[in-house]
Structures are given as structure tokens and as C-alpha cells.
Amino acid sequence: MKRVEFIQKINRSFELLGNPLRLKIFLKILSEGCDCDINSQSGYTGNCVTGIMKDLKLPQSTVSSYIKDLQDAKIIDCSKNGKYLYCRPNKETIVNLKSFIDSALSQIKY
Numbered sequence: 000m001k002r003v004e005f006i007q008k009i010n011r012s013f014e015l016l017g018n019p020l021r022l023k024i025f026l027k028i029l030s031e032g033c034d035c036d037i038n039s040q041s042g043y044t045g046n047c048v049t050g051i052m053k054d055l056k057l058p059q060s061t062v063s064s065y066i067k068d069l070q071d072a073k074i075i076d077c078s079k080n081g082k083y084l085y086c087r088p089n090k091e092t093i094v095n096l097k098s099f100i101d102s103a104l105s106q107i108k109y
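Here it is, written out as C-alpha cells:
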């Protein structure tokens, strides 16, 4: 990935995660797994949108819109099982964000 492209992707990730509700949804997805009945019956890993809505007490339209934003930016990956959508963090993007932050921190002079 070219440096300009990398910086644009990091910028988009920070932009999206700068929204408090999107950040809450992302942190819930990072927790990897939900307690809803749907998840235990399906055998899928990740957080289902239904569980996220229930846990965060947010309307379906808000959660779906924010999940689409996170998925489009490749911050999360989603898979469908019937009518249920399961979300997991995109490991490559998380590693890139961590690498960027580690690099920035290493340049700080105390």
C-alpha cells in the first residue's frame, strides 16, 4: 500500500471512530461475541447487529448505518446468516492503526 493511500485510510478510520456512537459500536464489536439467543443458536462468531442494538439501546437504523460506514472503510468485516448480520474487527486495519499510533508515539521526545 502506498504511503498516501495508507494515510488516507488511517485518516478515514480516525474520522469514523471520532463519532461517539460509532466508537461505542466498534468497541462492542471488539468485545467479540454477544449474549443474545441468536448468536448461541447460529454458531457464528462476532457480534450480531441485534445484540449491538439491544446492548447499546440504539435504533436499528442508526446501528445499521454506522456498521455500513465501518464496513465500507474496512474497519470491520461482516457476514450474514439468514437475516442476521455478524460483525468482527478487520484485523489488518486494526494492526495498521496500532502500527501508526506506535510509530507516532515513538517519535515523541520527552
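Going left to right, the sequence shown walks through residues 0 to 109 as numbering that gives the first Met the number 0 numbers them.
Using N, Cα and C, we set each Cβ at its ideal position, and we do this for glycine too.
Taking L20 as the reference, which of C47, I66, G50, I9 has the closest Cα?
Here the closest residue by C-alpha is I66.
With 16 as the cutoff for other CB atoms within 10 Å, does F13 come out buried or exposed?
Per the 10 Å Cβ criterion, exposed.
In angstroms with no decimal places, state the Cα-to-Cα distance between L16 and F25.
One C-alpha to the other measures close to 8 Å.
So is G45 buried or exposed if we call it buried at 16+ other beta carbons inside 10 Å?
G45 comes out buried.
Determine the DSSP secondary structure at D101, reduced to helix, strand or coil.
Note: D101 maps to helix in three-state DSSP.
Measuring only from the beta carbon, is I93 closer than 6 Å to any heavy atom that is part of the ligand PLP?
Among the components modelled here there is no ligand, and therefore nothing to report on the ligand PLP.
Taking the alpha-carbon positions, what's the E4 to I107 distance?
Looking at the two C-alpha atoms, the distance is approximately 24 Å.
Counting beta carbon pairs with one atom in the stretch 77-87 and one in the stretch 96-103, are three or more of them shorter than 8 Å?
Verdict: no, contact absent.
Check this for me: beta carbons of I28 and I100, under 7 Å apart or not?
No.
Under three-state DSSP, which class holds Y109?
Y109 falls in the coil class under three-state DSSP.
Report the partner residues of I75 according to the DSSP bridge assignment.
P88.
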